[in-house]
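The block underneath contains the structure these notes are about, expressed in structure tokens.
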Amino acid sequence: MSDPRTTELTNVSTTVLGADEIILNMGPQHPSTHGVLRVKLRLDGERVVDSECIIGYLHRGVEKIAEHRSYQQFAPYVDRMDYVAAVSNGLGYCEAVEKLLGTEAPIRARVVRTILTELQRIASHLLWLGTHALDIGALTPVFYCFREREEILKIFEKYCGARLTTHAFRIGGLQYETYDGFEQDVKRFCDDFAHRIDEYETLLTENRIWVGRTKGVGILSAADAIALGVTGPVLRASGVKWDLRKAMPYAAYDLYKFEIPTRETGDTYDRYVVRMEEMRQSRLICLQAIENIPTGPIMARIGKVLKPPPGEVYHSIEAPKGELGYYIVSDGTTQPYRVRVRPPSFINLQALDKMARGSLVADVVAIIGTIDIVLGEVDR
Amino acid sequence: MGAPATSVETESMANDPSEKDPASKPPASAAEDKPVAQKPPEPPKAAPVAANPPASPDAPAAAKPGIPPAKPAAPAPAAPAAPKVAAPPAKEAPPKPVPLDNELVQRLKTRFGDAIREATLDRKQAIVTIAADQLREISRYCRDDEKFDMLVDLTGVDWPKREKRFDVILILYSFAKNERVRLKAHAGESEPVPSVCEIWPAANWLERECFDMFGIVFEGHPKLTRILMPDEWQGYPLRKDYDILKQDTDWVRENLGIESGQ
Amino acid sequence: MGLNSILFYFFSALAVGSAILMVTRRNIVHGAVYLITTLLATAGVFLLLQAEFLFIVQVILYVGGIMVLFVFVIMLVNLDVSLLQYQFNRQRFVAGVLALALGAQIFLAIKMGQKSLFPATRVPEILPKNTEAVADALFGRFMLPFEIASILLLVAMIGAVVMAKRRV
Amino acid sequence: MGHLFTPSVMRLVLPVLYAVVIVAVLPLMAGYIVLMERKVMADMQARLGPMRVGPHGLLQPIADAVKLLLKEDIIPDKADRLMFWLAPLVSVTMALLAYAALPIGPAFQIADLNIGLLFILAVSSLGIYGIVLGGWASNSHYSLLGALRSAAQLVSYETAAGLGLISALLLAGSLSMKDIVMAQYDQGMWFIFYVPIGFFIYMVGSIAETNRAPFDLPEAESELVAGYMTEYSGFRWSLYFLAEYANMIIVAGIATTLFLGGWLRPFASYHDHMPGTSIELLDALPALLVLGVALYCFLLAPKQPVKIQKIVMGLVGILCLAIAGALAGSLFASPAVLQGVHGAFWFMAKVFAYLYFFLWFRFTFPRYRFDQLMRLGWRFLIPLALVNLITMAVALLMSREWGWSLRVTSILAIVLTLGVAMWLAKNDDVDSVVPVPESE
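Chains as they are written, first to last, in numbering that gives the first Met the number 0: chain E, 0 to 379; chain F, 0 to 261; chain G, 0 to 167; chain D, 0 to 439.
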């Protein structure tokens, strides 16, 4: 059936409202909306009066599918939600089901999981930095970022055979032992990454135009952030020092020392600085972790057929975009009764209207970039 | 918004003494002379078990123990015929849900009386079942007095066999106490649930999605319309009685004019 | 009929032609473009008279500056509103009288200048560099009028800014 | 036949000949500048750039040109046909017209007008019509918005660039391009050293004037799709493209002539006044440089994967060899020929160096927002240019009246202008936050 929204979509509707307000449609095929997101902006001249996000173009009904698959079979679907950070999706889901079963992955599995998740965090932030800088007009960083991200994807491919939707973890631990040379690869990447990230900083951080385009743009106060349920780097840039890896440690995060970067004003520039610092911290975690990966089994002793006793659990991890939570209800059969995914991008995107109000059209592009959303996760 | 006190949280699992898994020896002891990347001494029994493919999806393996007899191509484990473990080792069963009675629940009970139906601890997570019509007052109390200042998630679960079929789940988190609590309210088929948008603006989209997926009406919501599905979509997808196949055949017949898409 | 006179007739014909076209066009942007061609043609005539500085000033000031603002205004203000307004032409009589007076003047000019219609004499090859000449006049002898004019312009600019400020 | 070569006819034929050469070479040069841009961009972004068409992508511009010619030329139905057809023409003709006064070599100049610089400025300011009419004629909301924005940008930055030029004109004393270069030759110092801030202002102004690098907002991809060029396609679009690159070369040419000593070889005046050895290293440099390029091509030729690429690489090598020969040969010919041939080389070298800066800016800086762009133009560049003009004039006066050497006074002027620049930048933070009105 023809969906009225798509037909009315392409033409630029300049219905005149109020004095000289016009409605400007951005997307869903817009170069800088990071996927199929449509933003209806009500403009007064160049200034945004209010914005309304229209989503759902990438809705695949992941939660409905979950109710017709066994626990293990649903794991690959989880990677397709936030396809930029598939490894951390997998970690969240596996740990939630392990909690549902009441078991815990062995220490070796937890350490390897931590390393891969932190590498995935760097890769996700790199992709964010590249596309965000491209939206604002800096043509070069995107190529540097993708060059580094390529190294990480190579490690993933060597470990579990896939680069993007990796399905790297299994419920209860790991499927594969780490390949020979895993530690050397990660070490080489971390050593090389140190001065790479300084390269990006020299290119952008003190760049007058970059500062001009990002400072004071899309400000979100700490109170608004908490009220809107925003989590992750966006929340930390508004001054709230809260990170699930410290607040409720999971996997092997309690074994390693790392900082939580926060900033005060919560504008686009602060979110940029917070994410750059987070990449450095992730690198430190990886270095600490590969020093000694404890030996031992990589899989908890859970049977081949998983039938968790009836009940429910909510478990969340610190995904690159924010708090990624899984609320799983089990009715004792091999298939989950209900799987609810708490998508950080979906809830962070809700804050777009608060940030975009009063800014210019060119800034909306920067604001969408700085929230770092992936539409696969927003629409599920 | 001080740094969250890392007091003993009710549901963090790191430092819970009772559940220490024997395998996770403190890393310090594992550190001495660990040969680089050496294979674990004996192939852990669990590896082959998990190696061969899980039972085929549509035949729930619950009834058939071990190798299902009717399987034509019995997937002989590729690994050398490790001794077939007679029965999967005794799994540690998760703790049974146990009624919960900490200060939070007491304060809630004194404040709202029988509106607090029951409070349980399932897998070390606090769940408080409340009356739907008191939802807004309880939420305001939780946010203002109990400092649960972040609405982590709001969603629904459909239990068609129960007379009040929907569960509305609110997951709250307190930065000060670094604690989570889950409010559960039962709502009938067409029974409106008070919206918590004014308390937590985060609820705006979450409630719209809940309405979109289940059809639960949140009265007091500024703009309760579908958020993920197209606006004129019929039916509520996440309901248990929502038949995907029927939906598909209707759409195919209506748009493509052929009988069935399967 | 030297190269000069050929060019002269070309430029003047161009100027007159585009002026007529400008007036008769319905589409206002076409009118603006023809106005620009008229101004450029007159600049060409200046060049023929070896007045290079005047040529450049005409091009930069009129065509490069003022006409750009004209075109700006034409495009920003949506024109269909102004076209709909009732075009008054009750001053038909006054327009007629003025046209007659102008016609008489042109006729007189042509009659008196009969002889110079076909310029026999050659314009002297090299005129003194007129940029310097203009500069001397402007900043030398006519210093005072130049200053007065610039103050006048300044006042006008400030007035415009003040008026615009209030509405924003 | 005799009268064919009378001086007046010769005065006519030579410029026409030069004009034909320039108009023929220009599209080729514009194409190769595009290739240079893509190669430099690739080099800065850790990748290779076009490698497939011809050796190292050398035939890419020809391929682009053929593609553009074959592409379908769409005219939007409700577009204003006359304007739609006229706009790119205006843009290109104005861009080509400006080459009339550009002195590539001492002899190689189409027309040495005594108002040379003003002529180029006037003609390049007419280029705005091409953009504005193009935007208006394509009858789409986006292209009109883009056209008006780029016109506003051009108008405001023309003033800044113009004032930057005037500060150099003070030293030259004449508008004719040839005299300006000769003035730099007589004073033995390129004007960039006397008035570097003027050069800086002109460079920033010229970048904005050609809609490039941090100021390429009118066709910023993310907001206005492709600005005024959205509705154009095929050959018409390539006219706009040619106009943009021609403008770039003109702007580079003006900067070279005014600030970098046109066709003068570095240390030109010392070479002539102090006889020293007749053929100094600098004279031989151009020949050696091109020879090096030729050798490199020959070295690379056998390694090319495809046979055709080997041949083309060989041809390029031979071409460079020929140029090197000409450069070396002219060393022994009469000084006039020497100055002519080497002058052209040095002029082109400086132009390409200047263009390299254009490209460099484009790949390092993000894009200005439109209001920041206008604020930078009006509240920083133009006041700075005025101050620079005044201080330079005072410096000139001091050196003429009190006999101090111009170098000393100009350093004084530079220091003063820099002080003002710092003050300007500090108190009115050019990139200050856009005052967000308190909405509800």
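Just so you know, even glycine gets a beta-carbon here, dropped at the ideal spot from N, CA and C. Computed from a prediction, not measured in an experiment: that's the story for all the values here.
Assigned exposure category for residue i - 16 Cβ within 10 Å defines buried
| i | result |
| --- | --- |
| residue 245 of chain F | exposed |
| residue 131 of chain G | exposed |
| residue 197 of chain E | exposed |
| residue 304 of chain D | exposed |
| residue 301 of chain D | exposed |
| residue 220 of chain E | exposed |
| residue 254 of chain F | exposed |
| residue 140 of chain D | exposed |
| residue 27 of chain D | exposed |
| residue 140 of chain E | buried |
| residue 77 of chain F | Its pLDDT being 43, under 50, residue 77 of chain F is placed unreliably by the model, and nothing is read from it. |
| residue 28 of chain F | At residue 28 of chain F, the pLDDT of 39 sits below 50, so the modelled position is not reliable and the matter cannot be decided from this model. |
| residue 66 of chain F | The predicted model places residue 66 of chain F with a pLDDT of 40, which falls under 50 and marks its position as unreliable, so this point remains unresolved. |
| residue 194 of chain E | exposed |
| residue 194 of chain F | buried |
| residue 416 of chain D | buried |
| residue 51 of chain D | exposed |
| residue 334 of chain D | exposed |
| residue 10 of chain F | Residue placement at residue 10 of chain F is flagged as unreliable, the pLDDT there being 44, under the threshold of 50; the coordinate-derived value follows with that caveat. Buried, because 16 or more other Cβ atoms sit within 10 Å of the Cβ of residue 10 of chain F. |
| residue 377 of chain E | buried |
| residue 320 of chain E | buried |
Near the ligand HEM: residue i beta-carbon under 8 Å from a heavy atom
| i | result |
| --- | --- |
| residue 40 of chain E | The ligand HEM is absent from the structure shown, which contains no ligands of any kind. |
Rounded Cβ spacing between residue i and residue j (contact assumed at less than 8 Å)
| i | j | result |
| --- | --- | --- |
| residue 158 of chain F | residue 148 of chain F | No, residue 158 of chain F and residue 148 of chain F are not in contact; Cβ-Cβ is about 30 Å, not under 8 Å. |
| residue 11 of chain G | residue 44 of chain G | 7 Å |
| residue 247 of chain D | residue 209 of chain D | 5 Å |
| residue 191 of chain F | residue 216 of chain F | 4 Å |
| residue 238 of chain F | residue 214 of chain F | 7 Å |
| residue 119 of chain D | residue 14 of chain D | Actually they do not touch by this definition, with Cβ atoms about 16 Å apart. |
| residue 124 of chain E | residue 322 of chain E | Going by Cβ atoms, the distance from residue 124 of chain E to residue 322 of chain E rounds to 16 Å, so no, they are not a contact pair. |
| residue 57 of chain E | residue 35 of chain E | 5 Å |
Where the beta strand (DSSP E) containing residue i begins and where it ends
| i | result |
| --- | --- |
| residue 29 of chain G | Note, residue 29 of chain G: premise wrong, no beta strand (DSSP E); alpha helix (DSSP H) at 27-47. |
| residue 160 of chain E | From DSSP, residue 160 of chain E is part of no beta strand (DSSP E); its letter is neither H nor E. |
| residue 243 of chain D | That residue, residue 243 of chain D, is in no beta strand (DSSP E); its alpha helix (DSSP H) goes 233-258. |
| residue 181 of chain F | 178-186 |
| residue 116 of chain F | 115-121 |
One or two residues paired with residue i in a DSSP bridge
| i | result |
| --- | --- |
| residue 23 of chain E | E:40 |
| residue 47 of chain E | E:42 |
Limits of the unbroken alpha helix (DSSP H) element including residue i
| i | result |
| --- | --- |
| residue 183 of chain E | 181-203 |
| residue 209 of chain F | 202-213 |
| residue 208 of chain D | 195-208 |
| residue 400 of chain D | 381-401 |
| residue 128 of chain E | 106-135 |
| residue 321 of chain D | 306-331 |
| residue 267 of chain E | 267-290 |
| residue 188 of chain D | Here residue 188 of chain D belongs to no alpha helix (DSSP H), and DSSP marks it neither H nor E. |
| residue 59 of chain D | 59-69 |
Cutoff 9 Å: residue i Cβ touching any chain C Cβ
| i | result |
| --- | --- |
| residue 101 of chain F | This model lacks chain C altogether, as its protein chains are E, F, G and D. |
Discussion item. Please list, in chain order, the residues of the stretch 124-154 of chain D that have any C-beta partner in chain G closer than 9 Å.
Written reply: 124, 125, 127, 128, 131, 132, 134, 135, 136, 143, 146, 147, 150, 151, 153, 154
Item to complete: Return the residues of the stretch 131-145 of chain E that lie within a Cβ-Cβ distance of less than 7 Å from chain D, sorted by chain order.
Response: 132, 134, 135, 136, 137, 138, 139, 142, 143
Worksheet item: Going along the chain, which residues of the stretch 123-155 of chain F sit with their C-beta nearer than 8 Å to a C-beta in chain E?
Response: 124, 126, 148, 149, 150, 151, 152, 154
Worksheet item: For the stretch 217-237 of chain F, which residues have a CB atom closer than 7 Å to at least one CB atom of chain E, in sequence order?
Response: Taking 7 Å as the cut-off between beta carbons, the residues of the stretch 217-237 of chain F near chain E are 226, 227, 228, 229, 236, 237, in sequence order.
Discussion item. Please identify, using Cβ separations under 7 Å, the residues of the stretch 50-64 of chain G that lie next to chain D, in order along the chain.
Written reply: If the cut-off is 7 Å between Cβ atoms, the stretch 50-64 of chain G has 51, 52, 55, 58, 59, 62, 63 near chain D.
Practice prompt. Closer than 8 Å, Cβ to Cβ, to anything on chain F: give me those residues from the stretch 309-328 of chain E, in chain order.
Written response: 310, 311, 312, 313, 315, 322, 324, 326, 328
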